[in-house]
Structure formats: C-alpha cells, structure tokens
Amino acid sequence: MSSDDDMPLSRSNGHLSKARVSKADDSAMDIDPSVKLEPAGISIRNGPVEDDDDDDVPLVNGNGKRKSRSSIAKVSYKADSDSDDNRPLAKRPRKAVDSDSDDEVLSRRRSSTKLPPAITETANIEDSDDDVPLTAKLAQRKKAIEKAAEKAAKKPVTKKAVKDESDDDVPLSRTKAPQRNGAKSKSNGVKKEESDSDAPIRSKTKTSAAAAKKNATASATKKAAPKKAAKKEESAEAEAEDEEGEYEWWNAPKKEDDSVKWTTLEHNGVLFPPEYEPLPKNVKLYYDGTPVTLHPEAEEVAGFFGAMLHSTHNVENPVFQKNFFADFSEVLKRTGGAKDRDGNKVAIKEFSKMDFTKIFDYYHAKSEARKARPAAEKKAEKAERDKAEAPYTFCKWDGRKEKVGNFRVEPPSLFRGRGEHPKTGKLKLRVMPEQVTINIGKDAPVPQPPEGHKWKAIQHDNKATWLAMWQENINGAYKYVMLAANSAIKGQSDFKKFEKARELKKHIARIRKDYERELKSEIMADRQRATAMYLIDKFALRAGNEKDAENEAETVGCCSLKYEHITLREPNTVIFDFLGKDSIRFYDEVTVDRQVFKNLRMFKKSPKKDGDDIFDRLTTSQLNKHLGSYMQGLTAKVFRTYNASFTMSTLLKNLKVKNLSIPEKVKLYNDCNREVAILCNHKRTVGAGHEAQMEKLGDRIKGLKYQLWRTKQMILDVDPKQKKKKGAEYFELDESIDAAWVEEHITFLVEEQRTKIQKKFEKDNEKLQANKEKPMPDKELKERLKAVSELEKKLKKEHKTKKVEAEGKSPTVDKVETNVEKIETRIKALELQAADRDGNKEVALGTSKINYIDPRLTVVFSRKFDVPIEKFFSKTLREKFNWAIKSVESDDNWEF
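Using UniProt numbering, the first residue of the sequence shown is number 1, and each one after it goes up by one.
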C-alpha cells in the first residue's frame with residue numbers, strides 16, 4: 001500500500017496520480033476491443049520523424065499534441081568559415097539559427113538533412129524475398145526467445161544444474177574438496193563453488209597453478225593449430241607471465257568473507273601531471289586588440305580555451321563560453337588581473353573582445369612539430385616516459401603483481417561534459433596531493449607525496465578496492481584509482497555480474513507472471529511498478545535515476561520519464577523520445593500490450609502536463625527493492641544483461657555454420673550481436689567519417705578486383721588457349737571499374753610505392769645511425785626510386801594494351817590460378833566486412849559485446865567453430881576476459 005505521505009519529496013511535486021484505481025477510472029481508459037492489435041515491435045530509427053499518412057490517427061496525450069523537450073535544439077553551433085579566420089573568435093558573426101521553434105512537435109519537425117536509414121535498410125538478419133519487415137521479424141523472434149526462456153526456467157533442476165549455480169543453502173559438510181593439479185569441473189562449463197577454506201587465496205600452490213597452466217597450454221595448442229603465431233611483444237609478455245605464474249581466481253577456493261578484498265596491499269600512489277610551462281613572451285592573449293600579460297595561473301586557463309579553438313562545437317557553445325569566462329574572471333581577480341605592455345591594468349569585462357588566435361597558433365604549431373619528429377626521437381621519449389611511469393603501473397595485491405588502471409591524476413582543463421551539460425566550459429582545477437587519500441596495507445610503506453606536500457589522509461580499508469581517491473571540483477564527484485580491467489578484482493566483478501544474470505533464468509517466468517497480473521492492480525503504486533517492469537523487460541529501458549537538473553544534463557530512464565517523453569497513438573503504439581545515458585537521444589516507436597497502453601493513458605491523465613512524472617509513485621530504489629524479493633541482488637540492470645546474454649545464446653545455437661569460411665562465420669556472429677544490440681537499444685549516430693570509410697573500403701575492393709583482372713590476364717600470357725577454355729567473360733574487367741578510375745588507381749599505386757621506398761630508406765638510415773655507422777647517401781634513394789618509374793611505365797602500358805606479362809619465377813597456369821583464388825578470397829572477405837560495417841553504422845556492437853553479452857558465449861562459439869578469438873576480442877579485451885577464455889576452454893558445450 002502506498003500513500004502520498006510515503007512518496008519522496010522529489011516525487012510529490014506536480015500532479016500526483018490517485019493512490020487507488022477505481023473501476024470507473026479503469027473502464028474510462030479501455031480501448032475499442034474491435035481494433036486489431038499488432039505484436040510489440042522494435043525500431044532503431046533514431047532521427048527526427050517525418051510526417052506520414054498517420055495524421056488522422058489520434059494522439060492520446062492529454063491535449064492531443066505532444067510538445068518537444070525544451071532542452072533539445074536549444075543551442076546552435078556555427079560551422080567553420082574561411083572568411084572568419086583572421087577575426088577574434090568572439091567577434092565572428094553567427095549564422096542564423098534554424099527557424100524550427102522549440103514549441104513545435106519533435107516528430108513533426110522537418111529536416112533538410114537526410115534521415116538515418118530505417119532498421120529495414122541497415123541490418124539484414126537473413127536474405128529473404130518476403131515482405132515481412134525486419135522490425136516484425138525481431139519482435140516475433142524476441143517473443144519466441146522469451147517463450148524458450150520461460151520453458152527453460154520451468155525445467156526441474158538436475159544435479160548437474162545444481163553444480164552450475166552456487167547454492168548458499170548447501171551445508172558445508174556436503175561440499176567437495178577443491179580439485180587439485182589444474183583439474184577443472186565440466187558441469188556445464190562453469191566450475192562449481194568450492195568449499196570455504198581458512199587458507200588465503202594467495203596460498204594456492206605453485207605446483208597446482210603450473211599444472212593448470214600446462215593443461216591449458218596443451219588444450220590451446222591442440223585447438224589453435226590453424227592460428228598464426230603471436231607477435232613477439234605478446235609472446236614476451238606471455239613468457240614474463242609464465243615466470244610469475246598466473247593467478248586463476250576462477251579455480252581458487254571461495255573466500256570465507258567475500259567482503260574482505262585484500263590482506264596485504266602495496267603501491268606507489270599516483271602520478272601527478274607536470275607543472276604548467278608558461279607561454280613564450282611573444283605569445284599573448286589579445287583583449288580589444290591589445291596584447292595583455294597575465295599571471296601564469298590565469299595564462300594557463302586562457303591557454304586551455306585557446307588550445308581548443310579547433311573544437312568549434314565546444315568553444316562556440318554559448319554555455320561553454322559563459323562558464324569559462326566566469327571562472328577565468330575569478331582567476332584574473334585572484335591573481336591581479338591583466339596588464340598591457342606598459343604595466344597598466346586592463347579590465348577584461350567582455351568575452352566577445354578576447355582573441356585567443358595567437359595562443360591557438362602556438363599550441364597548434366607545437367603539436368605539428370611533435371608529430372613531425374623522427375621516429376627515433378619519439379621512441380626515446382616514449383621509453384623515458386615509460387620509465388617514469390613504471391613504478392605506478394603495478395601494485396602488490398595479496399602478494400600478487402596486479403596492473404593498476406588509472407594511476408595518472410587528470411591535469412587541469414576545461415570541463416566538456418556530455419550532451420547539453422549545464423557546467424560545460426567550467427575550470428577543472430589542478431588536483432593537489434593535499435586532496436588525495438591513499439588506501440594501503442597497514443604494514444606497507446606509504447608512498448612519498450611530491451616534495452613540499454602531504455597526503456590528505458592514509459587509510460587501510462581492506463574492504464575497498466581503490467588505491468587512491470580525491471574529489472573533483474566540477475560536480476563534487478569522487479575519483480578513484482582502481483586496478484586495471486584485466487585484474488583479478490575486475491574479472492571477479494564481471495563474473496559475478498554474468499552469473500547473476502544466469503541465475504535470473506530460474507526466476508524470470510515467475511517475475512513476468514507477477515508483473516503481468518499487477519498491470520491490473522487496484523493500487524496505483526503496484527500498477528506503475530508493473531508497467532515499468534514491463535517496459536524495462538521488453539524494451540531494455542534503463543531504470544533511470546533522479547538528476548539534479550541544475551547541475552547535471554537532463555537525462556532520464558524508465559522510472560524518471562516525464563509527461564512529454566511519451567506520446568501515445570491509438571490503438572497501442574508508444575513513442576519514446578528523451579535523452580538517455582550519455583545524453584544520447586532515445587527515439588523509439590513500439591507497440592505494446594493492450595493493458596500497458598491503457599495504463600500509460602491513465603498515468604498521463606489530466607491534469608498532468610509537461611514536467612510531471614509518468615511514474616509518480618515509483619522510484620528506482622523502490623523498484624530494485626521489489627526485485628530483490630525475488631532473488632538476492634536482483635536489480636533492473638540485471639534484466640539488460642540477462643536479456644542480452646540469453647538472446648545471444650539462443651541466436652548462436654540456431655546458426656548453421658557448416659562449410660563456411662572464417663570471415664563468413666565472423667559475419668554470422670556479428671549479425672547475432674547486431675540483433676542483441678537492436679533489441680537492447682544500443683544505438684549510435686552515424687559517424688561523420690562513415691561515408692569516407694565506406695568509400696575507402698570500396699576503393700580497396702576495386703583495387704583487388706583490378707589486381708584480379710591483371711592476374712587473370714597473366715594466365716593468357718602463359719597460355720593464350722585458356723581464353724577459349726574458360727570463356728572471354730572470365731577475363732573481363734569488373735563492370736564497376738572504368739578507365740578513369742584505373743588511371744587514378746595507377747597514380748595511387750605509384751605514389752604508394754614511392755612512399756614505401758622513402759620510409760624504408762629513412763628507417764634503414766636510422767638503424768645505421770643508432771649503430772653509429774655511416775648513413776646511406778641520397779643517391780642510394782634515387783637508385784631505389786627507379787623501381788617506381790618502371791612500375792608506372794609498366795602499369796600504363798598494361799592499361800593501354802590490355803595485356804599483362806606474367807610475374808614470378810617460372811610462372812605456370814596452376815601457379816597463377818592459385819593467386820587468382822587468393823585474391824578472390826580477399827575480395828569476398830572485404831565485401832563481407834563492408835556489408836557488416838554498413839549494417840552496423842547505427843548500432844553500437846561494442847556496448848553489448850563488452851558489457852551485456854556473457855563473454856563465455858563468444859569463447860564457446862570461437863572454439864566450437866574454429867574461429868580465432870582474436871576475430872572477436874582485441875588484445876585488451878582478451879586480457880579483460882581472460883577468465884572467460886580459460887574457464888570454459890575445456891567445455892565446448894557450455895551454456896548461458
């Protein structure tokens with residue numbers, strides 16, 4: 001039971017829904033039962049929506065009109081203009097703001113720019129000639145997957161299943177002793193929880209670790225026969241790892257007290273950024289045309305703004321300018337202000353009169369000079385930097401060497417924020433040692449702070465996983481130095497997250513049954529909670545936390561949705577339009593169950609208006625507390641992980657990968673990942689460089705097709721009779737390539753060859769100089785470049801005569817045909833890559849793969865179908881998910 005008195009203050013503002021739902025109110029929201037309802041669907045069309053033929057369909061939204069969010073389209077950013085280059089930034093004229101009014105309905109605003117492609121244009125699950133749109137296919141598939149989940153949840157728990165999941169209710173006397181010598185449990189691929197032990201984890205014998213490693217190496221060698229040899233750097237790291245012995249925490253006994261994170265901890269603190277280096281005397285800030293001298297502290301702040309003039313979307317943002325000028329003025333006041341050449345004070349009162357051009361030119365030239373340095377100089381600088389950072393990169397955690405993640409303290413700068421952050425442009429102050437708290441073992445030596453300084457505090461909290469902490473000045477948030485993503489602590493956190501999602505399988509059917517029943521509850525709080533759970537479960541909405549509107553960007557989730565964020569269209573369509581996480585616009589048009597639509601009508605019932613909460617009798621904490629009654633630790637966030645992993649698991653099971661090449665298998669996996677990303681609404685805007693990247697990829701494919709034509713022509717040079725045998729069509733140039741393109745490509749190939757020769761010459765000379773030997777003279781370079789002229793002459797002759805001489809030693813038809821097959825394989829792989837990349841332009845695959853899909857699913861797919869894991873996980877991700885790779889390496893049948 002809920003009452004107005006029970007509601008938090010932040011929820012009692014505005015119009016509050018009635019505590020109970022009367023039968024009369026319930027009936028008033030009924031929909032015509034004769035209207036045919038569609039199944040719930042999904043859309044990834046995330047741009048403004050054009051008017052269509054649905055103008056006659058009533059919008060059920062109080063006044064029948066949906067108003068836009070006032071925060072959208074509030075700021076207009078000016079494009080670069082060559083004519084403005086010689087004028088102060090603040091004096092440059094602004095282009096007229098788009099005439100669209102903020103009062104106009106978002107879905108009816110027209111845009112002159114091309115809309116992002118609809119889902120039916122971007123992601124093809126399967127090639128089909130039927131007329132069923134992809135949105136409907138996804139909806140139907142998701143429904144089938146949910147049914148499968150419910151069916152799986154209802155299955156009786158077998159002995160094997162008991163082993164898969166940790167069970168705190170099992171008496172300690174009945175648990176088995178930990179397996180030794182690297183033996184692994186094969187119960188569904190996940191090692192069962194070991195008995196609690198008084199022995200600390202670090203006391204695990206080296207013999208056991210070595211044996212486990214030996215078995216793992218043997219298994220990996222057996223599976224990885226077709227894989228390429230690892231790079232020298234990686235093998236060197238692997239050797240170093242072997243020397244110390246890898247800590248396989250997933251095979252270690254379970255700690256008796258899980259809240260205690262470490263027993264001993266040693267580290268060297270944090271690395272502070274270098275002190276400010278003042279500008280040369282001839283580089284000044286100009287105010288109203290006059291160069292001014294500033295105190296170094298104020299000059300540094302002016303430099304922050306000046307150095308980023310190229311970032312127009314920041315420096316031309318009025319909010320950014322206003323916040324910067326306010327903080328800069330405060331620093332000026334504190335440091336004695338600005339002075340002209342004669343030492344007279346200059347009152348800086350208007351941002352528009354400030355000219356940062358000279359400062360920008362200085363930093364830009366400095367940056368370009370750094371990029372243009374010889375490779376040897378860059379290498380030497382990196383070696384020096386690595387040496388200085390080395391003491392901070394690792395710590396000793398319970399005697400083990402663990403990598404530290406973010407040991408560098410952020411340098412001072414201007415805060416940018418995400419989206420339309422109200423504090424963008426404010427000054428991020430330099431963090432001093434007096435603000436830093438160190439967390440370290442009691443018996444460990446405390447790291448020395450910089451000379452003349454001291455730490456804020458030293459503590460020995462073994463239940464915390466951070467090494468150092470301080471508070472930043474912008475939002476008052478605390479910054480923590482943590483272990484790296486590939487550390488045991490981070491790995492255990494990921495493992496627990498995915499195991500929690502796996503455990504949800506056993507409860508999901510009951511949870512869904514309960515919230516479907518409570519959709520009709522007479523208690524408004526229960527009805528709102530059930531509706532929110534439906535939206536979170538079906539459409540992967542984030543739960544949402546309340547924001548401080550004055551200090552944070554106006555982003556929302558399910559529980560914090562407001563009146564203007566939802567539009568209802570008869571008979572059961574719901575349009576979401578709001579700023580989600582990271583201020584990314586969430587726009588989705590979905591169809592929902594009849595009762596859910598009815599409830600949303602009720603939650604938007606007059607006198608509610610813009611600014612009022614939809615779920616005014618529900619908070620995220622209340623929702624999570626309710627979910628915790630079903631399963632310990634269950635929160636709304638777990639639903640996203642569960643839905644993503646279970647969906648991916650189901651899709652991968654149904655794949656047919658027989659007789660496919662590795663690129664084809666990779667594309668099938670990416671197609672499944674794309675479906676999960678779409679179902680979980682992991683969207684992204686099409687990158688500004690996408691078209692250029694696709695064009696470049698297209699040119700690479702054309703280049704290979706041109707090379708294919710040349711290689712086939714070599715067959716005719718070896719044996720002219722092959723033309724009659726294979727047919728003239730076999731030897732024709734691809735129709736997508738014309739003469740003009742070939743001429744451009746020949747120029748490209750010639751320049752590419754010239755660049756390679758020049759770089760090789762420079763690199764060889766650097767090696768000679770490093771060995772204190774005499775460098776090669778320029779005439780050697782000229783001699784090498786003769787090959788470029790010969791190549792150009794040869795290619796132009798081929799293009800003109802359409803005849804190509806066979807290359808290589810003793811060429812035969814069989815040898816040339818082998819080269820043809822290799823080129824065709826490369827073309828097919830690149831075409832698959834191009835289709836994959838274009839299909840993913842609006843979908844963020846990385847988000848789902850890294851954060852929501854259990855990595856063990858990817859590992860099993862990789863092993864089962866002989867696809868190198870490198871095709872799915874980068875080196876960084878392989879380190880992060882090392883626990884997943886190792887824990888299921890002996891079980892190809894592991895299931896989520």
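Glycine residues also receive a C-beta, built at the ideal position from the N, C-alpha and C atoms.
What you are looking at is a predicted structure, and each value in this text was computed from that prediction instead of being measured.
- Pairwise C-beta distances place the stretch 497–508 out of contact with the stretch 521–531, as fewer than three of them are shorter than 8 Å.
- Of the candidates Asn765, Gln758, Ser629, Gln758 places its Cα closest to the Cα of Lys786.
- Membership of Asp588 in the beta strand (DSSP E) is indicated by the continuous run 585–591.
- Per the Cβ contact rule, the stretch 655–668 is not in contact with the stretch 510–520 (fewer than 3 Cβ pairs under 8 Å).
- By the neighbour-count criterion, in which a residue is buried when 16 or more other Cβ atoms sit within 10 angstroms of its Cβ, Leu768 is exposed.
- If you keep only unbroken alpha helix (DSSP H) runs of at least 4 residues inside the stretch 804–882, you get 813–839, 855–864, 875–880.
- Straight-line spacing of the CA atoms in His421 and Phe305 works out to 17 Å.
- Glu248 is classed as buried because its beta carbon has at least 16 other beta carbons within 10 Å across all chains shown.
- Taking a contact as a CB-CB distance under 8 Å, the pair Ile701 and Ile827 counts as one, their CB atoms being some 6 Å apart.
- If you keep only unbroken beta strand (DSSP E) runs of at least 3 residues inside the stretch 495–572, you get 566–569.
- Annotation: the continuous beta strand (DSSP E) that includes Arg400 extends over 400–403.
- Excluding residues up to 5 positions away in sequence, Ala787, Val788, Leu791 lie with their Cβ nearer than 8 Å to the Cβ of Gln753 in the same chain.
- The DSSP-derived three-state label of Lys345 is strand.
- Here the alpha carbons of Ala457 and Pro391 stand approximately 21 Å from one another.
- When rounded, the separation of the alpha-carbon atoms in Ser848 and Met776 is 53 Å.
- In this structure, DSSP gives Tyr642 a helical state, which the three-state scheme calls helix.
- Counting along the chain, Val319 sits inside the alpha helix (DSSP H) bounded by residues 318–335.
- Looking at the DSSP output, Val436 shares a beta bridge with no other residue.
- Contact between the stretch 530–545 and the stretch 553–573 is present: three or more C-beta pairs spanning the two stretches fall below 8 Å.
- The alpha helix (DSSP H) runs of length 4 or more contained entirely in the stretch 656–712 are, from start to end of the chain, 662–679.
- Beta-carbon to beta-carbon, Pro855 and Ala829 are separated by about 25 Å, too far to satisfy the 8 Å threshold.
- Contact annotation, Val718 with Val820: C-beta distance approximately 12 Å; criterion of less than 8 Å not satisfied.
- Ala835 and Ser862 have their C-alpha atoms roughly 21 Å apart.
- Cys395 is positioned such that its CB atom lies no closer than 8 Å to that of Glu389.
- Here Ser645 is near Phe498, since their CB atoms are less than 8 Å apart.
- Secondary-structure assignment with DSSP links Met776 through no beta bridge to anything.
- Buried is the label assigned to Arg617, since at least 16 other Cβ atoms lie within 10 Å of its Cβ.
- If you check the CB distance, Asn439 and Leu483 do not come in under 8 Å.
- Only exposed fits Thr263, as fewer than 16 other CB atoms lie within 10 angstroms of its CB.
- In the three-state reduction of the DSSP assignment, Arg20 falls in the strand class, which pools E and B.
- With contacts defined by Cβ atoms closer than 8 Å, Pro571 and Pro411 do not form a contacting pair.
- Residue range 739–770 is occupied by the alpha helix (DSSP H) that includes Trp741.
- When beta bridges are read from the DSSP output, Val481 appears opposite Ala468.
- In the DSSP assignment, no residue is bridged to Lys800.
- Taking the CA atoms as reference points, Glu275 sits about 43 Å from Lys871.
- Classified as exposed, Thr876 has fewer than 16 neighbouring CB atoms from the shown chains inside 10 Å of its CB.
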